[in-house]
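Reviewing the structure listed below.
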Amino acid sequence: MKYILNEDEPIYIQIARGIEDEILQGDFLEEMQVPSTNELSKIYQINPATVLKGINLLVERQILYKKRGIGMFVTSGAVATIKEARKENFKEVVMAHLFQEAKKLGISKRELIEIIVSSGEMDE
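Residues 1 to 124 in full-length UniProt numbering are what the sequence shown spells out, letter by letter.
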């Protein structure tokens, strides 16, 4: 569980996304405990308050919950919650950018579909 942190966005958001990625990959299962704030701050050599901010973001999104005196756990339904949020972001951000760029380049809808299909990177 070591991600490469970058300067492009706040560290707490990168920590939250990293935990989400591990949930999606099955490294952290629903109802499973995640590393503590102190463990994560040692791994990344960052302030525990920064890690806590990322953890709290996941609590707000109902991806993690706290068991008092024990630690933080993945909520039941977290995978579906993460996927839904990321699909929305994909539609609103990624696709919007894709369409803008295609328009600048004069790529028609048909050409764009052909490009996507011919990329062959995704399974049916």
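For every residue, glycine included, the Cβ atom is placed at its ideal position computed from N, Cα and C.
Where do the ends of the beta strand (DSSP E) carrying E112 lie? A small fix is needed here, since residue 112 is Leu in this sequence, not Glu. Per DSSP, L112 belongs to no beta strand (DSSP E); it is in the alpha helix (DSSP H), K109 to S119.
Taking just the CA atoms, how far does I46 sit from I11? Near 9 Å, if we compare the C-alpha coordinates of I46 and I11.
Going along the chain, which unbroken runs of the beta strand (DSSP E) with 3 or more residues stay wholly within the UniProt domain "HTH gntR-type" (9-77)? With a minimum length of 3 residues, the unbroken runs of beta strand (DSSP E) contained wholly in the UniProt domain "HTH gntR-type" (9-77) fall at 64-67 and 71-74.
If you pair each beta-carbon of the stretch 12-22 with each one of the stretch 44-58, do three or more pairs fall below 8 Å? Because the criterion of three Cβ pairs below 8 Å is met, the stretch 12-22 and the stretch 44-58 touch.
What's the call for F99, buried or exposed, on a 16-neighbour Cβ count within 10 Å? Taking all protein chains shown into account, F99 has fewer than 16 neighbouring C-beta atoms within 10 Å of its C-beta and is therefore exposed.
Please identify the residue among Q33, I113 and H97 whose C-alpha is closest to the C-alpha of R68. Considering only alpha carbons, the answer is Q33.
Taking only the alpha-carbon atoms, compute the straight-line gap between Q62 and D8 and give it to the nearest angstrom. About 25 Å.
Can you give me the start and stop residues for the alpha helix (DSSP H) that F99 sits inside? Where F99 is concerned, the enclosing alpha helix (DSSP H) stretches over A96 to L105.
Which value, in whole angstroms, describes the spacing of the CA atoms of K91 and S76? The straight-line gap from Cα to Cα measures roughly 25 Å.
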